[in-house]
Amino acid sequence: MKVANNILELFGKTPLVKLNHITKDIKASVYAKMESMNPGASVKDRIGLAMIEDAEKRGLLKPGGTIIEATSGNTGIGLAITSAVKGYRCIFTMTEKVSMEKRRYLQALGADVVICPMTAKHDSPENYVNVAKRINTETPNSLFIYQYNNPSNPDAHYHTTGPELWEQTQGKITHFVGSLGTGGTVSGTGRFLKEKNPEIKIIAADPYGSIFKTYKESGVMTEGTPYLVEGIGQDMLPENVHFKYIDEIINITDKESFHLSRRMGREEGIFSGGSTGTNLAAALRVAKDLDKNGLVVFIVCDTGERYLTKHHSDEWMREKRLLEKDKTTLGVVHQTKLSGGLPNMIFASPEETVGEALARIEQYNVSQIPVIEGNRSVGSLDEADIMSMILEDPATVEKKVSEIMGKAYPVVDESEDIKHGIQYLKESSAILVSQYGRIVGILTRYDVLDFV
Ligand SMILES: Cc1ncc(COP(=O)(O)O)c(C=O)c1O
Numbered sequence: 036m037k038v039a040n041n042i043l044e045l046f047g048k049t050p051l052v053k054l055n056h057i058t059k060d061i062k063a064s065v066y067a068k069m070e071s072m073n074p075g076a077s078v079k080d081r082i083g084l085a086m087i088e089d090a091e092k093r094g095l096l097k098p099g100g101t102i103i104e105a106t107s108g109n110t111g112i113g114l115a116i117t118s119a120v121k122g123y124r125c126i127f128t129m130t131e132k133v134s135m136e137k138r139r140y141l142q143a144l145g146a147d148v149v150i151c152p153m154t155a156k157h158d159s160p161e162n163y164v165n166v167a168k169r170i171n172t173e174t175p176n177s178l179f180i181y182q183y184n185n186p187s188n189p190d191a192h193y194h195t196t197g198p199e200l201w202e203q204t205q206g207k208i209t210h211f212v213g214s215l216g217t218g219g220t221v222s223g224t225g226r227f228l229k230e231k232n233p234e235i236k237i238i239a240a241d242p243y244g245s246i247f248k249t250y251k252e253s254g255v256m257t258e259g260t261p262y263l264v265e266g267i268g269q270d271m272l273p274e275n276v277h278f279k280y281i282d283e284i285i286n287i288t289d290k291e292s293f294h295l296s297r298r299m300g301r302e303e304g305i306f307s308g309g310s311t312g313t314n315l316a317a318a319l320r321v322a323k324d325l326d327k328n329g330l331v332v333f334i335v336c337d338t339g340e341r342y343l344t345k346h347h348s349d350e351w352m353r354e355k356r357l358l359e360k361d362k363t364t365l366g367v368v369h370q371t372k373l374s375g376g377l378p379n380m381i382f383a384s385p386e387e388t389v390g391e392a393l394a395r396i397e398q399y400n401v402s403q404i405p406v407i408e409g410n411r412s413v414g415s416l417d418e419a420d421i422m423s424m425i426l427e428d429p430a431t432v433e434k435k436v437s438e439i440m441g442k443a444y445p446v447v448d449e450s451e452d453i454k455h456g457i458q459y460l461k462e463s464s465a466i467l468v469s470q471y472g473r474i475v476g477i478l479t480r481y482d483v484l485d486f487v
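In structure tokens:
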């Protein structure tokens, strides 16, 4: 029979998948290492198992013992799955930044979850790592796993992720991209690949606000600032970040991370978390300068299902002001103007007298009107211009509109973006909006400015 004896046998050995659409202008190949296909749907399953088995071997974990860990969720899931199979209890500390999906997942696997304030810095007793340390001292027969300095964390990647990538690419990998949370993925995989071929470039993707890039490049420790991507970046230096295996650190914004994670679902069918978007952004940045021999692998850290109420929700993205402004059409601007109670288009015909047109301008209290013949924009009338013409020659009121009218306003379809309208309004004081080829309204500079 082809069966697994338990779920732990299915950890690792994840596939590599080529990207085909997001990379369409790139000559190099870009592959996704599908860590989201682990049983716990993240890259952290590997270390959950490795850190527990290492503790067992070293006699640190006794039957019936309690595992304690500070986690952004995924390591907790790897530990909880392993503990479910092996019969340990788990207590996890997490910050309130972590998605509800991850908290519920851990509880569903039988773990206890303690939520700590996101604002507590690494030296505060309320910080989630310090709370985990305290619970460890208060709980008999417990082990604080501490993925940040636990050598089994990078070792797991040195023994599994690195060799898998080497084998899967038949040694052709040229660039490896991962992000730094504890540093385990990048340090362990990087060490293995560098030992195989020191020419392979190891790239770490890091959110703006995290301290890693500045530290690597200048040796200066800065204060971290908040960002929204979960699980990566730090305001301190974990021992498992081994800078000697890292060639370059690339900073990525929350916005780019989330948008690329969303795009990868839509364009490649690969549903991922925000840190995967961070990795993909760095991978694309590296890949765009490579020729066809470039082979870039990036880590798909976890599944997007963990963030359905976060960056995969339009409402959340809008609330965080991360959604690109939707296209605003001139039709929308025009509808907004009409809903404000302003009259629809007032116009003159070329055959009527200036006096008649002026009366309409005054009746509706507008300052300029188009001159329309049939359905064509043939000219324009500006109240101030007419007034000065009449002051100079009172007989102007008897003239035909066609004799004195100014330049016709451009006609722009209502489906056009407001940006196009603005371009026209640099030259012309108003534009006419058309719908299915029929002129339906006028937008002046004032109307568009009011909308913007
Ligand atoms: C979602 C997510 N992505 C990436 C990482 C980074 O992995 P590592 O801790 O191996 O640096 C983590 C770590 O917690 C994570 O939770």
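Counted from 1, the sequence shown has number 123 at position 88 by this note's numbering; the numbering is strictly sequential. Even for Gly, the Cβ is constructed at its ideal location relative to N, Cα and C.
Buried or exposed, going by whether 16 or more other CB atoms sit within 10 Å of the CB of Val255?
exposed
Just checking Ile238 against ligand 1 - is the residue's beta carbon closer than 7 Å to any of the ligand's heavy atoms?
no
Cys125 bridges to which residues according to DSSP?
Ile102
Inter-residue spacing [alpha-carbon to alpha-carbon] between Ser437 and Leu358:
48 Å
Give the C-beta separation of Glu104 and Ala167 to the nearest angstrom, bearing in mind that I take them to be a contact with Cβ-Cβ under 8 Å.
6 Å
So what's Glu427 in DSSP terms, helix, strand or just coil?
helix
Between the segment 388–403 and the segment 418–430, are three or more C-beta pairs nearer than 8 Å?
yes
Around the C-beta of Arg93, are 16 or more other C-beta atoms found within 10 angstroms, so that it is buried, or is it exposed?
exposed
Note down the Cα distance separating Glu234 from Glu350, rounded to an integer number of angstroms.
44 Å
Buried or exposed for Ser450, going by 16 or more other Cβ atoms inside 10 Å?
exposed
Less than 7 Å between C-beta atoms, sequence neighbours within five positions excluded: which residues of the same chain meet that for Lys48?
Glu199
In angstroms, rounded to a whole number, what distance separates the CA positions of Glu44 and Leu365?
58 Å
Buried versus exposed, by CB contacts within 10 Å (16 or more), Ala146:
buried
Identity of the residue in Thr209, His192, Ala67 nearest Ile57 by Cα
Ala67
Close beta carbons around His455, own chain, < 7 Å, minus the five adjacent residues each side
Val447
Candidates Glu70, Gly113, Leu393, Ile284: closest to Val52 by CA position:
Glu70
Are Phe293 and Gly268 closer than 8 Å when you measure CB to CB?
no
Per DSSP, Lys53 forms a beta bridge with which residues?
Tyr66
Output needed for Ile466: all residues of its chain with C-beta closer than 8 Å, excluding positions within five of it in sequence on either side, in chain order.
Leu365, Tyr444, Pro445, Val446, Val447, Gly456, Tyr459, Leu460, Ile477, Leu478
Could you give the DSSP three-state label for Asn185: helix, strand or coil?
coil
Rounded to a whole number of angstroms, what is the C-alpha to C-alpha distance between Ala317 and Ile281?
14 Å
Taking 7 Å as the cut-off, is the CB of Glu265 close to at least one heavy atom of ligand 1?
yes
Measure from the alpha carbon of Thr338 to the alpha carbon of each residue in Glu291, Gly266, Lys62, Lys355, then state which is nearest.
Gly266
For Val432, which beta-bridge partners are listed by DSSP?
Note: Val432 sits in no beta bridge, so no partner.
Could you pull the start and end residues of the alpha helix (DSSP H) that Ile285 belongs to?
Run containing Ile285: none in the alpha helix (DSSP H); it sits in the beta strand (DSSP E), 283–287.
Looking at Ser214 and Pro189, is the spacing between their C-beta atoms short of 8 Å?
no
For a test of the three-state rule: what should DSSP assign to Tyr399, helix, strand or coil?
coil
Whose C-alpha, out of His277, Asn176, Thr224, Ala430, is nearest the C-alpha of Arg124?
Asn176
Distance cut-off 7 Å: Ser214 Cβ against heavy atoms of ligand 1
yes
Assigned secondary structure, Gly83 (DSSP; H/G/I helix, E/B strand, else coil)
helix
Backbone CA spacing between Ser107 and Arg298 [nearest angstrom]:
24 Å
In three-state terms, what does DSSP make of Pro223?
Correcting the residue type first, residue 223 is Gly in the shown sequence and not Pro. Here Gly223 sits in helix by DSSP.
Who are the Cβ neighbours of Leu178 in its own chain at under 8 Å, not counting the five residues just before and after it?
Ala90, Leu95, Leu96, Gly100, Thr101, Ile102, Ile103, Asn171
Between which two residues does the beta strand (DSSP E) holding Glu486 run?
Going by the sequence as given, residue 486 is Phe instead of Glu. Run containing Phe486: none in the beta strand (DSSP E); it sits in the alpha helix (DSSP H), 480–486.
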